[in-house]
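Heads up: the structure comes next, in C-alpha coordinates.
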Amino acid sequence: SVTNIHHMILELYESETERYLVYIGTTVNNGYINANEASGTLYENNRYLSGYNLMSSSSTQSIGTRFQIVTRRGNHYTLTIDGECEVKYSIDGDVINIWPSDCYRCLSCGMCGDFKSTKASMATCDGRSVT
1 SVTNIHHMIL ELYESETERY LVYIGTTVNN GYINANEASG TLYENNRYLS
51 GYNLMSSSST QSIGTRFQIV TRRGNHYTLT IDGECEVKYS IDGDVINIWP
101 SDCYRCLSCG MCGDFKSTKA SMATCDGRSV T
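According to my numbering, the sequence shown is numbered sequentially starting from 1.
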(Lines of atoms letter the chains of each structure in order from A and count residues from 1; the text may use other names and numbers.)
(Lines give C-alpha, C1' and ligand atoms only; values in the text may rest on other atoms or scores of the structure.)
Protein backbone atom coordinates (compact mmCIF):
# COMPACT_ATOMS: atom_id res chain seq x y z
CA SER A 1 0.00 0.00 0.00
CA VAL A 2 1.03 3.60 -0.55
CA THR A 3 1.93 5.40 2.65
CA ASN A 4 3.02 8.79 1.38
CA ILE A 5 3.44 10.49 -1.95
CA HIS A 6 6.34 12.89 -1.69
CA HIS A 7 6.25 14.53 -5.10
CA MET A 8 5.21 14.13 -8.69
CA ILE A 9 6.92 14.97 -11.95
CA LEU A 10 5.14 16.73 -14.80
CA GLU A 11 6.78 16.40 -18.20
CA LEU A 12 5.78 19.42 -20.29
CA TYR A 13 6.41 19.42 -24.03
CA GLU A 14 7.23 22.87 -25.37
CA SER A 15 8.01 21.44 -28.81
CA GLU A 16 9.23 18.20 -30.34
CA THR A 17 12.78 18.97 -29.24
CA GLU A 18 12.22 20.89 -26.00
CA ARG A 19 10.54 19.72 -22.83
CA TYR A 20 10.57 20.57 -19.14
CA LEU A 21 10.55 18.42 -16.02
CA VAL A 22 8.51 20.02 -13.24
CA TYR A 23 8.80 18.73 -9.68
CA ILE A 24 5.98 19.53 -7.25
CA GLY A 25 5.16 18.03 -3.89
CA THR A 26 5.50 17.99 -0.14
CA THR A 27 9.16 17.04 0.25
CA VAL A 28 10.88 18.71 -2.69
CA ASN A 29 11.93 22.22 -3.52
CA ASN A 30 9.26 22.86 -6.16
CA GLY A 31 10.94 23.73 -9.41
CA TYR A 32 11.67 22.83 -13.00
CA ILE A 33 14.52 22.15 -15.38
CA ASN A 34 14.82 21.99 -19.14
CA ALA A 35 15.10 18.27 -19.88
CA ASN A 36 18.06 18.95 -22.18
CA GLU A 37 19.99 20.17 -19.12
CA ALA A 38 18.73 17.45 -16.76
CA SER A 39 20.57 14.38 -15.59
CA GLY A 40 17.66 11.97 -16.10
CA THR A 41 14.23 12.42 -14.54
CA LEU A 42 15.02 11.86 -10.85
CA TYR A 43 14.63 14.94 -8.64
CA GLU A 44 17.67 13.92 -6.60
CA ASN A 45 19.86 14.09 -9.73
CA ASN A 46 18.60 17.51 -10.86
CA ARG A 47 17.88 19.66 -7.80
CA TYR A 48 21.43 20.99 -7.47
CA LEU A 49 22.09 21.56 -11.18
CA SER A 50 22.52 25.18 -12.27
CA GLY A 51 19.56 24.87 -14.65
CA TYR A 52 17.13 23.95 -11.84
CA ASN A 53 14.71 26.83 -11.32
CA LEU A 54 13.01 27.10 -7.94
CA MET A 55 9.31 27.99 -7.68
CA SER A 56 8.23 29.71 -4.50
CA SER A 57 4.97 28.93 -2.75
CA SER A 58 1.99 31.16 -3.52
CA SER A 59 3.55 32.23 -6.80
CA THR A 60 3.01 32.24 -10.54
CA GLN A 61 5.79 30.75 -12.65
CA SER A 62 6.05 30.82 -16.44
CA ILE A 63 7.80 27.81 -17.96
CA GLY A 64 8.87 28.15 -21.58
CA THR A 65 6.32 29.95 -23.75
CA ARG A 66 3.40 27.51 -23.38
CA PHE A 67 3.07 26.88 -19.65
CA GLN A 68 2.32 28.69 -16.42
CA ILE A 69 2.02 27.15 -12.95
CA VAL A 70 0.30 28.85 -10.04
CA THR A 71 1.02 27.46 -6.57
CA ARG A 72 -1.61 28.09 -3.91
CA ARG A 73 -2.00 27.00 -0.32
CA GLY A 74 1.10 24.86 -0.25
CA ASN A 75 0.36 21.81 -2.35
CA HIS A 76 -2.38 23.02 -4.69
CA TYR A 77 -1.32 23.82 -8.26
CA THR A 78 -2.90 25.10 -11.46
CA LEU A 79 -1.10 24.42 -14.73
CA THR A 80 -2.23 26.61 -17.62
CA ILE A 81 -1.34 25.39 -21.11
CA ASP A 82 -1.24 27.78 -24.07
CA GLY A 83 -3.01 30.44 -22.02
CA GLU A 84 -6.36 28.68 -22.15
CA CYS A 85 -6.45 25.14 -20.74
CA GLU A 86 -6.10 24.60 -16.99
CA VAL A 87 -5.28 21.38 -15.19
CA LYS A 88 -5.45 21.51 -11.39
CA TYR A 89 -3.46 19.27 -9.06
CA SER A 90 -3.25 18.80 -5.33
CA ILE A 91 -1.11 16.52 -3.21
CA ASP A 92 -2.45 15.64 0.24
CA GLY A 93 -0.58 12.89 2.09
CA ASP A 94 -1.03 9.75 0.04
CA VAL A 95 -3.52 11.23 -2.45
CA ILE A 96 -2.93 13.10 -5.70
CA ASN A 97 -6.02 14.78 -7.14
CA ILE A 98 -6.09 15.83 -10.80
CA TRP A 99 -8.87 17.96 -12.28
CA PRO A 100 -8.44 18.14 -16.07
CA SER A 101 -9.70 21.08 -18.07
CA ASP A 102 -12.67 20.92 -20.40
CA CYS A 103 -10.02 21.17 -23.13
CA TYR A 104 -9.05 17.62 -22.20
CA ARG A 105 -12.53 16.35 -21.36
CA CYS A 106 -12.35 13.43 -23.78
CA LEU A 107 -8.67 12.72 -23.22
CA SER A 108 -8.50 12.63 -19.42
CA CYS A 109 -7.91 8.88 -19.39
CA GLY A 110 -5.30 9.51 -22.07
CA MET A 111 -3.13 11.21 -19.48
CA CYS A 112 -2.23 7.69 -18.39
CA GLY A 113 -2.97 5.91 -21.69
CA ASP A 114 -6.25 4.80 -23.21
CA PHE A 115 -6.06 1.30 -21.72
CA LYS A 116 -7.40 -0.11 -25.00
CA SER A 117 -4.35 -0.65 -27.15
CA THR A 118 -0.60 -0.46 -27.40
CA LYS A 119 -0.79 1.99 -30.30
CA ALA A 120 0.70 5.45 -30.11
CA SER A 121 -2.72 6.97 -30.85
CA MET A 122 -5.80 7.46 -28.73
CA ALA A 123 -9.51 7.67 -29.59
CA THR A 124 -11.29 11.03 -29.13
CA CYS A 125 -14.94 11.58 -28.15
CA ASP A 126 -16.02 11.77 -31.78
CA GLY A 127 -14.15 8.59 -32.80
CA ARG A 128 -11.14 10.26 -34.41
CA SER A 129 -7.59 9.49 -33.33
CA VAL A 130 -4.99 11.68 -31.65
CA THR A 131 -1.31 10.70 -31.75
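Where a beta carbon is used, it is the ideal one built from N, C-alpha and C, also for glycine.
Next item on the list: Determine the direct distance from the alpha carbon of Asn4 to that of Gly64, and round the result to whole angstroms.
Entry: The count along the sequence shown starts at 1 and reaches residue 64 at position 64. The count along the sequence shown starts at 1 and reaches residue 4 at position 4. For Gly64 and Asn4, the distance between alpha carbons rounds to 31 angstroms.
Next item on the list: Give me whichever residues DSSP pairs with Val22 in a beta bridge.
Entry: As a position in the sequence shown, residue 22 is number 22, starting the count at 1. Its beta-bridge partners are Leu10, Tyr32.
Notebook entry, point to check: Can the beta-carbon of Val28 be found closer than 8 angstroms to that of Tyr43?
Noted result: For the purposes of this step, residue 28 is taken as the residue at position 28 of the sequence shown. For the purposes of this step, residue 43 is taken as the residue at position 43 of the sequence shown. In terms of Cβ geometry, Val28 and Tyr43 form a close pair [threshold 8 angstroms].
Check: What number of angstroms, rounded off, separates the C-alpha of Ser15 from the C-alpha of Arg73?
Finding: The residue labelled residue 15 in the question sits at position 15 within the sequence shown. The residue labelled residue 73 in the question sits at position 73 within the sequence shown. Those two C-alpha atoms are separated by around 31 angstroms.
Check: Where does Glu16 sit, in a helix, a strand or coil, going by DSSP?
Finding: Counting from one through the sequence shown, the residue named residue 16 turns up at place 16. The answer is coil: DSSP assigns Glu16 none of H, G, I, E or B.
Checklist line | Whole beta strand (DSSP E) elements within the stretch 37-117, 3-residue minimum | finding: 60-63, 67-72, 76-81, 85-92, 95-99
Item checked: Same chain, Cβ closer than 8 angstroms to Ser39, five either side skipped, listed in chain order -> As a first step, residue 39 is located in the sequence shown; it is residue number 39 there, counting from the start. Result list for Ser39: Asn45, Asn46, Leu49, in chain order.
Next item on the list: Compute the Euclidean distance between the alpha carbons of Ile9 and Asp102, then round it to the nearest angstrom.
Entry: As a first step, residue 9 must be located in the sequence shown, where it is residue number 9. As a first step, residue 102 must be located in the sequence shown, where it is residue number 102. Those two C-alpha atoms are separated by around 22 angstroms.
Notebook entry, point to check: Going along the chain, which residues of its own chain have a beta-carbon closer than 6 angstroms to the beta-carbon of Val87, five neighbours each way excluded?
Noted result: Translated into the one-based positions of the sequence shown, residue 87 becomes position 87. For Val87, where only same-chain residues beyond five positions count, the Cβ hits under 6 angstroms are Leu79, Pro100, Ser101.
Checklist line | Beta-carbon contacts of Gly31 that lie in its chain and below 8 angstroms, excluding the five residues immediately before and after | finding: Here the question's residue 31 lines up with position 31 in the sequence shown. Taken in chain order, the residues that qualify are Val22, Tyr23, Arg47, Tyr52, Asn53, Leu54, Met55.
Check: Roughly how many angstroms lie between the CA atoms of Asn97 and Tyr104, to the nearest whole one?
Finding: The residue you call residue 97 lines up with position 97 of the sequence shown. The residue you call residue 104 lines up with position 104 of the sequence shown. Between Asn97 and Tyr104, the C-alpha separation is close to 16 angstroms.
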